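Sequential numbering from 123 applies to the sequence shown in our numbering.
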Amino acid sequence: MFLFSLCNPGSEKALKMEAALAMPSWRPSYQKRGFVTFKTDDESSGGGLHSPCPPTVELACARRLCVSLGKAATRDEANSLITNSTSVSTIHHARYQERKMQGLHDELISTPKDGDIVGTVVEHGPDEFWAGYHRHAAFLSPDPAGDAGIEMPPQSPSRAWLKLEEAARFFGLTFSTRDIVAELGCAPGGVVLALLDRGVSVIGVDPAKMAEVVTRSAISDRENPSRDRPWFYHVRKPAALVSKRDLGNDVTWFMSDMNQTPEVVLTECARFCKMAPGIRNVLITLKLTDLTEITRKPAWFASLREMGFKTIRLQQLSVHHRELALLAMK
123 MFLFSLCNPG
133 SEKALKMEAA
143 LAMPSWRPSY
153 QKRGFVTFKT
163 DDESSGGGLH
173 SPCPPTVELA
183 CARRLCVSLG
193 KAATRDEANS
203 LITNSTSVST
213 IHHARYQERK
223 MQGLHDELIS
233 TPKDGDIVGT
243 VVEHGPDEFW
253 AGYHRHAAFL
263 SPDPAGDAGI
273 EMPPQSPSRA
283 WLKLEEAARF
293 FGLTFSTRDI
303 VAELGCAPGG
313 VVLALLDRGV
323 SVIGVDPAKM
333 AEVVTRSAIS
343 DRENPSRDRP
353 WFYHVRKPAA
363 LVSKRDLGND
373 VTWFMSDMNQ
383 TPEVVLTECA
393 RFCKMAPGIR
403 NVLITLKLTD
413 LTEITRKPAW
423 FASLREMGFK
433 TIRLQQLSVH
443 HRELALLAMK
């Protein structure tokens with residue numbers, strides 16, 4: 123059996139290292155930018171792709187993992203490989219262009235439901251089309267190639283807006299107006315703006331100045347916030363100096379986009395969870411010096427389990443470079 127995975131160009135080596143640890147029976151095969159195939163003689167190691175169960179193989183560097191149906195010379199031939207081999211709810215199309223593996227959004231496609239079989243056709247040249255399929259499940263992107271195609275609004279002060287929105291779309295995250303997010307490394311305010319637009323209030327931690335588009339929603343007294351609109355409270359301190367008094371009693375999310383090592387951020391996450399026991403969810407952008415640090419994933423997961431988190435996912439998003447999105451939920 124062959125499988126193929128779609129990833130961010132430059133992540134191929136890290137993806138193969140991650141797969142070698144998770145699935146030793148997989149042997150790397152054909153590879154191009156943003157596209158890595160594997161061969162295995164063990165049909166069951168496809169992670170349940172052939173069974174009624176959702177996939178169980180979780181590779182953070184793979185935005186999409188499919189059972190491969192082979193290569194075709196045209197898009198129509200690739201579509202036929204899928205429709206003649208399995209019953210699919212929809213077919214996604216992707217193309218390697220502009221040095222990116224991009225999902226194509228030029229046609230109306232239905233949003234897959236859990237358990238649906240979804241086909242994928244990947245164009246990697248004028249006469250090179252690969253066909254495959256996967257079973258949709260929770261925490262898998264509903265979009266072609268795991269790429270939502272989200273565009274950052276001109277008023278956003280940073281690309282952190284894109285990271286939050288892409289993560290919310292990929293993981294299927296929902297927020298309530300009752301949520302309060304504590305975000306470390308919040309300046310200049312990309313994540314804060316995205317959350318405010320979603321009706322979510324934010325306690326932002328960063329010594330640096332925030333963008334005006336965010337400070338319009340700022341409050342000076344966290345203990346008596348506005349009840350009729352989302353607000354932003356700026357704690358102008360390094361993360362290590364934040365106290366329980368700065369946070370209050372109602373924080374439900376911990377987020378971080380700090381330029382620190384994963385170990386430093388996870389240490390702060392543990393401290394914040396002790397100060398604010400109402401935190402039930404965590405979303406962290408892990409900044410890596412080298413993507414091969416993915417081999418430290420078990421240690422990161424162990425740290426979060428010690429904090430009481432049960433559902434943990436790690437994913438490189440289409441908007442990431444040497445970064446990973448780490449999600450944990452109690």
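Glycine included, each C-beta is placed from N, C-alpha and C at the ideal position.
The model shown is predicted, which means the values in this text are computed figures rather than measured ones.
What is the DSSP secondary structure of residue i, counted as helix, strand or coil?
{"i": "F261", "result": "coil"}
{"i": "C391", "result": "helix"}
{"i": "S151", "result": "strand"}
{"i": "G326", "result": "strand"}
{"i": "G455", "result": "Lying before the first or after the last residue shown, residue 455 is absent from the chain, which here runs from 123 to 452."}
{"i": "L317", "result": "helix"}
{"i": "S190", "result": "strand"}
{"i": "G268", "result": "helix"}
{"i": "T337", "result": "helix"}
{"i": "V373", "result": "coil"}
{"i": "G407", "result": "A quick correction: the sequence has Thr, not Gly, at residue 407. Of the three classes helix, strand and coil, the one that applies to T407 here is strand, per DSSP."}
{"i": "P158", "result": "A quick correction: the sequence has Val, not Pro, at residue 158. Looking at V158 - three-state DSSP - the assignment turns out to be strand."}
{"i": "W353", "result": "coil"}
{"i": "I401", "result": "coil"}
{"i": "R197", "result": "helix"}
Taking all protein chains shown into account, decide if residue i is buried (16 or more other Cβ within 10 angstroms of its Cβ) or exposed.
{"i": "P266", "result": "buried"}
{"i": "R185", "result": "buried"}
{"i": "G268", "result": "buried"}
{"i": "Q224", "result": "buried"}
{"i": "K138", "result": "buried"}
{"i": "K359", "result": "exposed"}
{"i": "A195", "result": "exposed"}
{"i": "N346", "result": "exposed"}
{"i": "G294", "result": "exposed"}
{"i": "T296", "result": "exposed"}
{"i": "V236", "result": "First, the amino acid is wrong: residue 236 is Asp here, not Val. Result: exposed."}
{"i": "G321", "result": "exposed"}
{"i": "D412", "result": "exposed"}
In angstroms, rounded to a whole number, what distance separates the CA positions of residue i and residue j?
{"i": "P177", "j": "K285", "result": "With a pLDDT of 48 at P177, under the threshold of 50, the modelled position of that residue is not reliable, and the figure given next carries that caveat. The straight-line gap from Cα to Cα measures roughly 25 Å."}
{"i": "Q437", "j": "V404", "result": "14 Å"}
{"i": "A465", "j": "A316", "result": "No answer is possible for residue 465: the residues shown for the chain start at 123 and end at 452."}
{"i": "L203", "j": "G254", "result": "8 Å"}
{"i": "E229", "j": "S211", "result": "15 Å"}
{"i": "L226", "j": "P276", "result": "23 Å"}
{"i": "V189", "j": "R257", "result": "10 Å"}
{"i": "M380", "j": "S209", "result": "44 Å"}
{"i": "H356", "j": "M429", "result": "26 Å"}
{"i": "A144", "j": "A447", "result": "19 Å"}
{"i": "R344", "j": "P352", "result": "12 Å"}
{"i": "A491", "j": "V327", "result": "With the chain covering only 123 through 452, there is no way to say anything about residue 491."}
{"i": "D164", "j": "R197", "result": "29 Å"}
{"i": "L449", "j": "E390", "result": "15 Å"}
{"i": "T162", "j": "I434", "result": "27 Å"}
{"i": "D350", "j": "L318", "result": "13 Å"}
{"i": "E250", "j": "E199", "result": "11 Å"}
{"i": "S348", "j": "A309", "result": "22 Å"}
{"i": "R155", "j": "K222", "result": "8 Å"}
{"i": "A392", "j": "K409", "result": "18 Å"}
Considering only the alpha carbon of each residue, which of the options lies closest to residue i?
{"i": "P444", "options": "M123, S133, V327", "result": "Checking the displayed sequence, the identity of residue 444 turns out to be Arg instead of Pro. Measuring from the Cα of R444, the nearest candidate turns out to be S133."}
{"i": "A330", "options": "R320, V324, G311", "result": "G311"}
{"i": "F126", "options": "T233, E220, T299, V243", "result": "V243"}
{"i": "I325", "options": "K161, V335, A304", "result": "A304"}
{"i": "P234", "options": "F292, E287, C183", "result": "F292"}
{"i": "K366", "options": "F394, E220, F124", "result": "F394"}
{"i": "D372", "options": "L363, I401, S348", "result": "I401"}
{"i": "V158", "options": "C183, H442, A450, R320", "result": "C183"}
{"i": "V441", "options": "A290, G192, G241, E334", "result": "A290"}
{"i": "V336", "options": "V314, Q382, S348", "result": "V314"}
{"i": "D368", "options": "F376, A392, M397, V387", "result": "M397"}
{"i": "P453", "options": "E288, S207, P279, W252", "result": "Not covered by the structure: residue 453. The range shown for the chain is 123 to 452."}
Taking contact to mean at least 3 C-beta pairs separated by less than 8 Å, is the segment 408 to 424 in contact with the segment 259 to 278? no
Across the segment 202 to 220 and the segment 240 to 258, are there enough close Cβ pairs to call them in contact, namely three or more that are closer than 8 Å? yes
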